[in-house]
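Anchor point for the sequence shown: position 223 equals 228 in this note's numbering, and the numbering is continuous, going up by one each time.
C-beta atoms are modelled at their ideal positions from N, C-alpha and C, and glycine is treated no differently.
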Amino acid sequence: MNGGRKQRMVMRLAKLKSGMTILELLVVIAIFGIFMSVAIPSVFKSFGSMARAKKSTAQYPETRRALGTISDMVRQTHPSPIDAVKFRGKNGSYEAGGIVFPADELRFPIFDSRYAGLGSIQKMEYRLELSPDGDDSPRGLLQTRSPIGAPPESGLCESLLSDAVGLDVKYLDSSQNPPEWVQEWPPENKPATPGEEGTTASASLPAALEITVYILRGISAQPTPFRISVNVPAAQAI
């Protein structure tokens with residue numbers, strides 16, 4: 006009798022354990038289902054964003070080339086004590102059709118290995134060309150390259166993007182802890198660089214740049230932004 010009762014108790018415990026295992030499995034399945042319902046749309050959204058970005062870049066190959074040109078020049082940045090060619094980033098804007106567009110200006114010296122002696126340091130400038138007729142409509146993104154000390158009109162000026170309507174540049178200030186992005190260079194109230202008496206840290210360089218170009222083409226009412234980040238190798242040596 007006692008043996009039969011003991012056997013029934015063992016069977017009940019086995020059923021109880023089996024029931025708990027199934028319950029746990031159902032909970033896991035439910036959690037997994039919730040996770041998938043959240044994750045799958047995000048994954049598809051990411052793939053969709055990547056596809057749209059790739060398609061957009063393919064439609065604007067000249068924009069990709071222009072940003073590549075600017076990036077290559079930024080990587081050649083060479084620190085210079087000459088005030089006329091020190092690294093400068095000016096924050097600006099203009100209004101057209103009731104919309105405010107960024108119109109930053111960027112200037113920095115580069116070391117050009119194709120030239121020797123005094124001609125090795127060149128000044129690079131990037132800015133929007135605004136229409137001179139007073140309507141503030143942009144006429145493209147300009148790149149100007151000139152030797153140190155040369156008059157502005159002697160520089161080599163070319164249009165990188167004829168349909169650019171905005172230029173926004175941010176600068177990574179690595180002197181802050183943690184580093185922070187600023188709108189102008191040198192940043193406001195930046196302390197003097199040790200060893201440079203009577204001067205500010207304007208001879209220093211940002212650690213990196215984030216460059217955004219806005220393109221307006223066709224009948225589109227909204228400009229399309231294209232963004233690239235580029236490190237400044239020479240900043241590591243300062």
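- Counting C-beta pairs with one atom in each stretch, the region 154-173 and the region 209-221 have three or more that are closer than 8 angstroms, which means they touch.
- Between the region 79-86 and the region 96-108 there are fewer than three C-beta pairs closer than 8 angstroms, too few to call the two in contact.
- Serine 76 carries a helical assignment under DSSP once its states are collapsed to helix, strand and coil.
- For valine 237, the closest of Ile34, Leu28, Val32 and Ile75 by C-alpha to C-alpha distance is Ile75.
- The count of Cβ pairs closer than 8 angstroms, one atom from the region 151-162 and one from the region 87-95, reaches three, so the stretches are in contact.
- The Cβ-Cβ distance between aspartate 178 and glutamate 189 does not fall below 8 angstroms.
- By the Cβ neighbour-count rule, leucine 161 is exposed, with fewer than 16 other Cβ atoms within 10 Å of its own.
- Here the C-alpha atom of glycine 102 lies approximately 18 angstroms from the C-alpha atom of proline 230.
- The Cβ atoms of tyrosine 176 and glycine 94 lie closer than 8 angstroms to each other.
- In terms of Cβ geometry, glutamine 127 and proline 114 form a close pair [threshold 8 angstroms].
- Each residue's CA atom was taken as its position, placing glutamine 148 and tyrosine 99 some 19 angstroms apart.
- Valine 218: member of the beta strand (DSSP E) spanning 213-220, first to last residue.
- According to the DSSP assignment, serine 164 belongs to the beta strand (DSSP E) that extends over 161-166.
- A direct Cα-to-Cα measurement between phenylalanine 37 and serine 234 gives close to 38 angstroms.
- Judged by DSSP secondary structure, asparagine 236 falls within the beta strand (DSSP E) whose first and last residues are 229-236.
- Using a 10 angstroms sphere on the CB of serine 209, the tally of other CB atoms reaches 16 or more, which defines it as buried.
- Leucine 210 sits in coil when the DSSP states are folded into three classes, being neither helix nor strand.
- Taking the Cβ atoms as the reference, leucine 214 lies roughly 20 angstroms from valine 170, outside the contact range of under 8 angstroms.
- For tyrosine 176, the enclosing beta strand (DSSP E) covers residues 169-178.
- Annotation: the continuous beta strand (DSSP E) that includes phenylalanine 116 extends over 110-116.
- Per DSSP, reduced to three states, the secondary structure at serine 98 is strand.
- Taking all protein chains in view, the Cβ of leucine 30 is surrounded by fewer than 16 other Cβ atoms within 10 Å, so the residue is classified as exposed.
- Here glutamate 189 carries a coil assignment [DSSP, helix/strand/coil].
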